[in-house]
Structure formats: structure tokens, C-alpha cells
Amino acid sequence: MADWKTTYTHFLKQAKEDIRDREQLGDLLVQGERALAKVTVDVASNEISNIEREEELTLYFQMKQMLNMLRALYNEQFEMQADKQEELVAAILYFVSPFDAIPDDVPLGLFDDAQVIDYVHEQLASDIDRFHNDM
Numbered sequence: 034m035a036d037w038k039t040t041y042t043h044f045l046k047q048a049k050e051d052i053r054d055r056e057q058l059g060d061l062l063v064q065g066e067r068a069l070a071k072v073t074v075d076v077a078s079n080e081i082s083n084i085e086r087e088e089e090l091t092l093y094f095q096m097k098q099m100l101n102m103l104r105a106l107y108n109e110q111f112e113m114q115a116d117k118q119e120e121l122v123a124a125i126l127y128f129v130s131p132f133d134a135i136p137d138d139v140p141l142g143l144f145d146d147a148q149v150i151d152y153v154h155e156q157l158a159s160d161i162d163r164f165h166n167d168m
């Protein structure tokens with residue numbers, strides 16, 4: 034099993050290609066919203082601990098921000114440097130993929146997704162602040 038950083042690098046390479054394909058970005062937005070809906074169901078479940086719920090809520094809100102940014106980029110309402118856009122797309126690709134460092138359908142399967150989203154969220158902090166101020 035690869036670690037999340039190695040797997041994220043794979044998705045970063047894919048993002049460099051996908052960022053140029055408008056149809057791919059539109060599909061990614063739909064996939065991201067579907068994956069986020071699954072997190073919502075998990076958070077509402079009585080089968081997870083309060084610690085897991087807190088982690089998944091953080092993941093949910095960070096991912097929601099990133100999807101909103103991607104939507105604004107897609108609709109040409111917001112601009113970012115190309116390398117930052119690639120990081121954003123790579124994080125979302127990682128989140129929607131069931132084939133990452135820890136498969137999403139096993140216990141704690143979203144742990145690696147949360148690490149990637151948190152890492153990229155920190156990398157994009159200035160862009161996220163600017164996005165919230167501009168929008």
C-alpha cells in the first residue's frame with residue numbers, strides 16, 4: 034500500500050492533463066459533489082465515533098470550499114495560478130477516487146483523503162482567503 038503523498042503525486046500528474054479539459058472539470062465537479070454527499074451520510078450515521086465525526090466534518094467543510102473554488106474557476110469567476118489549480122484538481126481527484134492509499138470502503142478509509150485535503154487546503158490558504166473575499 035502506497036502512502037498518501039506518493040498517491041497524491043499520481044493524481045497531481047493527472048490534474049496537469051485534466052485542467053485543460055473543460056468537460057473533465059465538469060465531470061469532476063459532479064463526482065466531487067456525489068462523494069461529498071457520501072461524507073454527509075457518514076457524518077449523520079450513529080455508527081461512527083464523535084472523533085470520526087469531527088474529522089469527517091472538517092473534511093466536509095474543506096472539501097466543500099475546494100469544490101466551490103473549482104466551480105468558480107470552471108465558470109471563469111475566479112483565477113488562480115496554474116500550479117495552484119493543479120493542486121486543487123489533484124486533491125479533488127484523490128477525494129473522488131476509490132483507489133487511493135487507503136481504499137474508501139474500509140474502516141478509516143477516508144483518513145488518507147482527509148490528510149490530502151488538509152495538506153492542499155493549507156497550500157491554498159491564501160487563494161482560499163482571496164476566494165472568500167472576492168466572492
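Add 33 to a position in the sequence shown, counting from 1, and you land on the number used in my numbering.
Just so it is clear, CB atoms sit at the ideal spot from N, CA and C, and this is done for glycine as well.
In angstroms with no decimal places, state the Cα-to-Cα distance between residue i and residue j.
i: Glu66; j: Leu100; result: 8 Å
i: Gln98; j: Ile161; result: 8 Å
i: Gln148; j: Ser159; result: 19 Å
i: Lys49; j: Gln95; result: 22 Å
i: Leu121; j: Gln47; result: 12 Å
i: Val72; j: Ala105; result: 22 Å
i: Arg86; j: Asp133; result: 21 Å
i: Glu56; j: Met102; result: 17 Å
Comparing alpha-carbon positions, which option in the options lies nearest residue i?
i: Val63; options: Ala147, Ser130 and Asp167; result: Ser130
i: Met113; options: Leu157, Gly59, Leu58 and Glu50; result: Leu157
i: Phe111; options: Asp75, Asn166 and Leu45; result: Asn166
i: Trp37; options: Ala123, Ser159, Phe164 and Met168; result: Ala123
i: Gln92; options: Arg163, Ser159, Thr40 and Leu143; result: The residue you asked about is not Gln; residue 92 is Leu in the sequence shown. Residue Leu143 is the option with its Cα nearest to Leu92.
i: Ile52; options: Met168, Asp116 and Asp133; result: Asp116
i: Leu61; options: Lys46, Phe132, Phe128 and Phe94; result: Phe128
i: Gly59; options: Asn108, Arg86 and Ser82; result: Asn108
i: Phe44; options: Leu126, Met168 and Val72; result: Leu126
Would you identify the three-state DSSP class for residue i, choosing helix, strand or coil?
i: Phe128; result: helix
i: Asp133; result: coil
i: Asn101; result: helix
i: Arg53; result: coil
i: Asp146; result: helix
i: Leu157; result: coil
i: Asn83; result: helix
i: Asp36; result: coil
i: Glu109; result: coil
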